[in-house]
Amino acid sequence: MRERYNIGEISEIFQIPKPTLRYWESENLIQLNRNEENDYREYTLKQMMEIGDISLYRQLNVPVAKLKNMHQLGIHDLDSTLDATLTEVDNRISQLSDIKERLLSRKEKIQQLSQLQEQLFTKCEPDVEKIVFYEMDDKNMLHIYLQEPYSYAIVIPFGMNENNFNPLNGLAVPATNEANPVIWEKDNENKTYIKCLLKISRDDPRQNNFQEIMEKLAEQGYKTGTAIARYLVTAKETLSYDFYKAWIEIL
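Our numbering applies: residue 254 is where the sequence shown begins, and numbers increase by one.
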């Protein structure tokens with residue numbers, strides 16, 4: 254095995270940019286010898302091992318200031334430092350796991366949207382027990398929405414059309430929730446619902462396909478009542494639309 258390597262070789266071996274290696278040297282994380290003939294930096298096996306350690310700790314977000322004395326720590330202090338770093342890593346893993354679950358949930362909503370585009374109207378019971386009024390300044394309600402946007406729901410009362418389109422804003426909650434005024438609740442009657450895709454322009458809610466849905470259902474001989482919908486995603490067609498999974502009550 255070779256005894257000495259130059260900075261270009263070290264950069265390639267560890268996949269660390271040369272400026273980063275120079276910075277670590279300037280901060281005294283590693284001490285290097287210089288070639289007597291050309292004054293180039295030379296890395297030995299010992300320094301390569303140090304770089305491996307530094308790279309690991311930097312990937313774990315250990316500050317450079319802490320790393321300066323890492324190799325001067327006693328066994329107990331080193332163990333304590335590693336314990337603290339492991340705790341930070343565990344917390345980060347938990348955060349990333351939560352982020353991953355939320356991303357997967359968003360992808361699943363896109364899949365639902367695609368299915369609704371393919372199957373225009375299907376009979377289906379709503380997947381919500383109760384919708385409560387959503388106060389925009391209610392921090393608890395806002396937290397629920399931010400954690401799961403699918404909890405955001407709207408209620409479109411019977412008789413509302415394109416001329417007076419102003420749905421009630423709410424959050425889908427379990428049947429046992431009694432924290433806010435109820436604006437819709439599933440009853441025990443065996444009602445029939447038609448599931449479909451509702452889209453509402455984010456910039457101008459009057460731009461929507463609700464009237465089109467009502468007309469198509471009327472053409473099929475359906476008499477309709479209240480409609481409810483749960484938020485899926487926002488995406489661009491000709492306009493930027495909020496897409497909802499909607500259920501139309503059939504009378």
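Every residue gets a Cβ at the ideal spot worked out from N, C-alpha and C, and that includes glycine.
Where residue i sits in the DSSP three-state scheme
| i | result |
| --- | --- |
| A499 | strand |
| I307 | helix |
| Y258 | strand |
| R459 | coil |
| Y446 | strand |
| V435 | strand |
| D351 | helix |
| D343 | helix |
| F267 | helix |
| N393 | helix |
| Y398 | helix |
| Q516 | In the structure displayed, the chain extends from 254 to 504; residue 516 sits before or after that span and is not available. |
Sheet register partners of residue i (DSSP bridge)
| i | result |
| --- | --- |
| K452 | F496 |
| G423 | F386 and A406 |
| V486 | F496 |
| Y276 | DSSP lists no partner for Y276. |
| A480 | I409 and I501 |
| T491 | DSSP output for T491 lists no bridge partner at all. |
| K376 | I447 |
From the options, residue whose alpha carbon lies closest to that of residue i
| i | options | result |
| --- | --- | --- |
| K392 | Y446, L424 and G412 | L424 |
| R359 | G327, Y403, N344 and P410 | Y403 |
| I466 | R311, L451, V408 and D456 | L451 |
| T477 | I503, G261 and V486 | I503 |
| V296 | I447, E472 and G261 | Rather than Val, the amino acid found at residue 296 in this sequence is Tyr. Y296 has its Cα closest to that of G261, out of I447, E472 and G261. |
| T375 | I447, S454, N286 and W500 | I447 |
| T445 | C377, F386 and S367 | C377 |
| N433 | N259, E388 and N281 | E388 |
| P427 | Q364, K383 and R455 | K383 |
| E401 | L485, D332, Q300 and Q284 | L485 |
| N417 | L357, Q460 and Q473 | Q460 |
| T479 | K469, P420 and D457 | P420 |
| F267 | E289, N288, D306 and R455 | D306 |
Where residue i falls, given that 16 or more other Cβ within 10 Å makes a residue buried
| i | result |
| --- | --- |
| A488 | exposed |
| D336 | exposed |
| D495 | buried |
| M302 | exposed |
| F463 | buried |
| P316 | exposed |
| A406 | buried |
| R483 | buried |
| I501 | buried |
| R294 | buried |
| V381 | buried |
| K498 | buried |
| I283 | buried |
| L274 | buried |
Any non-hydrogen atom of the ligand MG within 7 Å of residue i CB
| i | result |
| --- | --- |
| I436 | Inclusion of the ligand MG in the displayed structure is not the case, the ligand content being empty and no account of it being possible. |
Could you name each continuous beta strand (DSSP E) segment of 3 residues or more that falls completely within the segment 283-339, going from the start of the chain to the end? none
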